[in-house]
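The structure under discussion appears below in the form of structure tokens.
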Amino acid sequence: MNQSNHIEIESSVDTELQHEMKHSKNVNTVHVFHDIVDEKHERYMKSYHENTSLFWGIGIENESYLMLKKPLYNSKDFATLSLKSERYSVNYFNNFKSEPLIDCIKKLYTCKKLTYPNYINAHTFDKTDKQQRHRTTYQEIPQPNPAFTESIHSALLRESRLYKSMYDTSLVFDGDSIEFITQRFCNTTVSDCIKELVTIKQSFLNEVSPFFQKWGIGPIEYPHHNYGITTFLSSANKHLALCNNGTYHINLTLPTLLQNGTIVDKPAFVRQHLQLIKCIQMVEPLIVACYGTPDVLALTDQTNSMKYSMGSLRVTLSRYISLQTFDTEQPVNGKLLLMKKSNDPSRWYNQLEDTPYQMNQEIGADINFNKFKNHGIEIRFLDWFPEEYLAGLMNFFVLLAQHSLCLPSVSLDIIPYQNLIKNCVTKGCAYLLPVEESNLILHDLHLEPVDKEMSAFYLLLHISAVLYGKYHNGPIVQQMSPRMTNPVIVNYNWMAYQQLYRDVYGKPDLILRAEENPLDARTTIIPDHVKALLPYFTVLVESSPTRCFTDEDYRLKGAVIVKKDSWIASQDSYVIGLKGTIHPLSKRQTHLHFAHCFKGQPKYQITLGKLSSSVFIDYEYMLDKEKKRAVSFCKQSGKIGCYLALMTYYKRLQKKDKKAITVIPEFNETIYSEMLERLSAYHRPKVLLIGYGVVGKSCKEVLDRFEMNCTILTSKDTLSKEKMLKHDILIHATSLSPVTYPPFLLPADLQPSKVIHKPADLYDPVHLSVICDISCDVGNPHNLLPIYDTYTTKEQPIAPLSYQPSIDLIAIPNLPSLEPILSSTQFSSTLLPFLPELLYFHHAHPIREKAGILFHSYQKFRRMIE
7 MNQSNHIEIE SSVDTELQHE MKHSKNVNTV HVFHDIVDEK HERYMKSYHE NTSLFWGIGI
67 ENESYLMLKK PLYNSKDFAT LSLKSERYSV NYFNNFKSEP LIDCIKKLYT CKKLTYPNYI
127 NAHTFDKTDK QQRHRTTYQE IPQPNPAFTE SIHSALLRES RLYKSMYDTS LVFDGDSIEF
187 ITQRFCNTTV SDCIKELVTI KQSFLNEVSP FFQKWGIGPI EYPHHNYGIT TFLSSANKHL
247 ALCNNGTYHI NLTLPTLLQN GTIVDKPAFV RQHLQLIKCI QMVEPLIVAC YGTPDVLALT
307 DQTNSMKYSM GSLRVTLSRY ISLQTFDTEQ PVNGKLLLMK KSNDPSRWYN QLEDTPYQMN
367 QEIGADINFN KFKNHGIEIR FLDWFPEEYL AGLMNFFVLL AQHSLCLPSV SLDIIPYQNL
427 IKNCVTKGCA YLLPVEESNL ILHDLHLEPV DKEMSAFYLL LHISAVLYGK YHNGPIVQQM
487 SPRMTNPVIV NYNWMAYQQL YRDVYGKPDL ILRAEENPLD ARTTIIPDHV KALLPYFTVL
547 VESSPTRCFT DEDYRLKGAV IVKKDSWIAS QDSYVIGLKG TIHPLSKRQT HLHFAHCFKG
607 QPKYQITLGK LSSSVFIDYE YMLDKEKKRA VSFCKQSGKI GCYLALMTYY KRLQKKDKKA
667 ITVIPEFNET IYSEMLERLS AYHRPKVLLI GYGVVGKSCK EVLDRFEMNC TILTSKDTLS
727 KEKMLKHDIL IHATSLSPVT YPPFLLPADL QPSKVIHKPA DLYDPVHLSV ICDISCDVGN
787 PHNLLPIYDT YTTKEQPIAP LSYQPSIDLI AIPNLPSLEP ILSSTQFSST LLPFLPELLY
847 FHHAHPIREK AGILFHSYQK FRRMIE
């Protein structure tokens, strides 16, 4: 499809759902249910002994796809795809509202690094031949295709003994999926069951792969994750396919006494399994939030304004599955796929009407009970995730089963869960449960409450740890998972989100911008930190002759050197700078730098106007939980400013011509330290330090090193101006506050009449002779030291006050630039852990600390804009 053309979405009547709803009837009841022995499950009956025996069961069904190994398709290929379903499959476009879907597709057209795979589904096996010719023509009433030879499935049945032995036992075709089913369910263990599944899948792949290569189709593999965007080989790679998740169905039967293959105590069997179902339903939202795969369309909507689901697309659509839909109060046994959804508007599913999804009138069951004779429960709501994470979740279910048998009869009121479920399904691992919701689950599970909000992942981890501590030696645990270790619960939802992000955006460009101030050599990312960024970004460094590191330093570490101002034309990029730029920023860019415009600084409105289109994060407002700056040059500013003030004081004393401008050596910490050690041995000045934040504390460290006499004053303290002037050195290190405080000193306070009592007082060292203003807030109405109007510079760091030449002023706005390499290294070290979080901070901010810090800085910017 040409992306400039009108986008058309195929819609159709969902005949498959209508058919399933018509035939999905079950009239068995919990009190008198019939044993179901259908053709599919008849072979399982051979597993039971004729005499009295203890039986339990564990089984896994995995609906999967294959994909071609050849290089993934790219954004140019994507632009040619039709929004039309694969001819044999469900039309999932019916599940999306057209306008928001089209908006997302248009956004995807602009993602230049987008990639997607070529899936092979069950229809490729059953309905196409080796040359991908279809069995029937593509018409409203399909006709036999004369060019069709023999299906791939038929060829494999004929040519592969292993394939033939697997088919219809451990391998079946279910709709468009290739389903793998473990067979050794009877009295097996969790670890053995998982090993069996892995072996079945690997054997199938090893057997089929050579045939696909021999027939010219190509090398194949399993998907590495649930790709959100694919195309199918059976559609000649011409149609866009959404909703391509694999699935797990986990079957558990609690230890049950059988006599001649029949349950001895049916009422107890029913009671125990319904109790387990209730316990599972209590934690279902947490499991979906931790193990579900997000809707890829959520990745096109970074601010989450369109409400595409971050937890599980499959559960959101609730086609054949859902959450808390199996009714333990009016249970039925057997295969239960669909049911009419409740009309209760409070149900989580009915709260999704304002989302971009078209809601079905029929929804699925989260759990099936007693699908066939002696079967316990089938957990149906799980998306596929890598098999390496299965043991942790399955062991959790075993612990939960043990717990359910140790509880008195539990009741489950599902109504209080509905908002919790909606948020876990739509927000996924990013949802932070209020204390009340966490304790709702814990109360219903008869576990101790918690006293703080928790993410779904940490709450599930907490419950798992508590259950393991209680029951790891329990009888069910020893039978179903002997030698169980503490289950490894993972946040796969977060992993899946990152994988989908990579599919859509690739490795986006992170651009280190060249600064416009030739006098400041600092940088925010040093060469040694480039390697740590390469797994997340393509690192581009704009060439700069004034940066304290050379272009070659960056190139040798893996960065790509580009010309200055390359960032201007970039899209979906992350532009990292030090100070602002004269150019307006783009809405397809995320920028980080010091804007110096949020506290009413001069011309701040002009600066905000340039920033307004972009996603902007100001380092100054990246604040930790204690509201302290997470990244800054503050410590360097304090250290260097204090050194300069002390050196100026001593050099001033050494001047022969008292009227001459004080001259100090170029800043070098080693040289300064050696000189000050000698000078301070003979005389130590009295220092007034105003401000005791990060900058002030850094000043104090220097003062303590040389055992200086120091008085500390904050913006909230009071000290008479006469006493201030009796100090030799004043260092001002407060941060600019929106609250108006009286200035510490005004020009009138420094007039000669205020301090001179006799002519010799002009140069008397017991009176104020050096002021170092580290804060540098000239022109701001909240400036606490409005005694000058021109900054000093790195080249001329000292200037006498015009109305009081006996006082030397140091007021360099960018003090860390005097030590650019060390300052840059320290800043880059603190900034580095935040940069990977830039990719996801819009969604991850509730649960990831650094993402939260980025998000709150961005929110501060948005509030200023609005």
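Residue numbers (the numbering used here): 7 to 872.
The C-beta atom is built at its ideal place from N, Cα and C for all residues, glycine as well.
Neighbour-count burial assignment, residue i, 16 or more Cβ in a 10 Å radius
| i | result |
| --- | --- |
| valine 38 | Its pLDDT being 48, under 50, valine 38 is placed unreliably in this model, and the coordinates cannot settle the point. |
| lysine 760 | Any reading at lysine 760 must be qualified, since the residue scores a pLDDT of 47, below 50, and its modelled position is unreliable; the value itself is stated next. Exposed is the call here. |
| tyrosine 864 | buried |
| glutamine 287 | buried |
| proline 216 | exposed |
| proline 771 | Bear in mind that a pLDDT of 41 at proline 771, under 50, signals an unreliable position, so the number given afterwards is only what the model happens to contain. Burial call: exposed. |
| lysine 661 | exposed |
| aspartate 814 | buried |
| threonine 587 | buried |
| arginine 854 | buried |
| histidine 262 | The sequence as given places threonine at residue 262; histidine does not occur at that position. So threonine 262 counts as buried. |
| arginine 868 | exposed |
| arginine 594 | exposed |
| arginine 167 | exposed |
| glycine 65 | buried |
| aspartate 389 | buried |
| alanine 754 | exposed |
| isoleucine 859 | buried |
| alanine 687 | exposed |
| alanine 436 | buried |
| leucine 562 | exposed |
| glycine 340 | buried |
Supposed close pair residue i, residue j - CB separation, criterion 8 Å
| i | j | result |
| --- | --- | --- |
| tyrosine 98 | serine 104 | Their Cβ separation, rounded to whole angstroms, is 13 Å, which puts tyrosine 98 and serine 104 out of contact at 8 Å. |
| threonine 798 | isoleucine 780 | Between isoleucine 780 and threonine 798 the Cβ distance is about 12 Å, and since that is not below 8 Å, they are no contact. |
| tyrosine 477 | histidine 409 | 6 Å |
| isoleucine 670 | isoleucine 804 | 7 Å |
| isoleucine 737 | isoleucine 696 | 7 Å |
| leucine 598 | valine 566 | Actually they are not in contact, since the Cβ atoms of leucine 598 and valine 566 sit about 19 Å apart, beyond 8 Å. |
| phenylalanine 378 | valine 43 | 6 Å |
Contact check, residue i vs residue j, beta carbons under 8 Å
| i | j | result |
| --- | --- | --- |
| aspartate 180 | histidine 159 | no |
| proline 422 | leucine 446 | yes |
| leucine 329 | aspartate 372 | yes |
| serine 775 | serine 812 | yes |
| serine 643 | proline 792 | no |
| isoleucine 293 | glycine 398 | no |
| threonine 432 | methionine 316 | yes |
| asparagine 257 | glycine 63 | yes |
| proline 898 | phenylalanine 375 | An answer regarding residue 898 cannot be provided, because it is not within the stretch 7 to 872 covered by the chain. |
| glutamate 161 | proline 300 | The sequence shown places alanine at residue 161, not glutamate. No; because the gap between Cβ atoms is not below 8 Å, this pair is not in contact. |
| alanine 247 | tyrosine 326 | no |
| isoleucine 582 | isoleucine 532 | no |
| proline 590 | threonine 552 | no |
| glutamate 67 | isoleucine 187 | yes |
| methionine 73 | isoleucine 223 | no |
| cysteine 554 | isoleucine 827 | yes |
8 Å Cβ cutoff, residue i in contact with chain C
| i | result |
| --- | --- |
| proline 753 | You won't find chain C in this structure, because it holds only one protein chain. |
Going residue by residue through the stretch 305-360, where are the continuous alpha helix (DSSP H) segments of at least 4 residues, counting only ones entirely within it?
319-323
- Query: Hey, which unbroken runs of the beta strand (DSSP E) at 3 residues or more fall wholly within the stretch 63-106?
  - Reply: 72-74
Exercise. Check whether the stretch 292-304 touches the stretch 234-243, taking contact to mean three or more Cβ pairs, one atom from each stretch, closer than 8 Å.
Key: yes
Exercise. Are the stretch 590-604 and the stretch 614-624 touching, with three or more C-beta to C-beta distances below 8 Å?
Worked result: yes
- Query: Are there three or more Cβ pairs, one per stretch, closer than 8 Å when the stretch 652-670 is compared with the stretch 680-692?
  - Reply: yes
Checklist entry - At what residue ranges does the stretch 542-603 contain a whole run of the beta strand (DSSP E), taking only runs of 3 or more? => result 544-548, 566-568, 579-585, 595-600
Threshold first: 3 residues or longer. Then list the beta strand (DSSP E) segments lying entirely within the stretch 121-166, N to C.
124-126
Q.
Across the stretch 671-682 and the stretch 719-726, are there enough close Cβ pairs to call them in contact, namely three or more that are closer than 8 Å?
A. no
query: Contact between the stretch 138-152 and the stretch 264-279: three or more CB pairs below 8 Å?
result: no
Along the chain, which unbroken stretches of the alpha helix (DSSP H) at least 4 residues long are found entirely within the stretch 441-525? 441-450, 462-477, 481-486, 498-511
Complete runs of the alpha helix (DSSP H) confined to the stretch 260-286 [at least 4 residues] = none
Just list the beta strand (DSSP E) runs in the stretch 745-819, keeping only unbroken ones of 3 residues or longer that don't cross its boundaries, in chain order.
776-779, 805-807, 810-816
query = Are the stretch 193-204 and the stretch 482-501 touching by the rule of at least three beta carbon pairs closer than 8 Å?
reply = yes
request  = Would you check if there are 3 or more beta carbon pairs closer than 8 Å linking the stretch 73-91 to the stretch 113-130?
outcome  = yes
task: Give, in chain order, every unbroken run of the beta strand (DSSP E) that is at least 3 residues long and sits entirely within the stretch 198-270.
output: 253-265
Contact between the stretch 841-854 and the stretch 529-547: three or more CB pairs below 8 Å? yes
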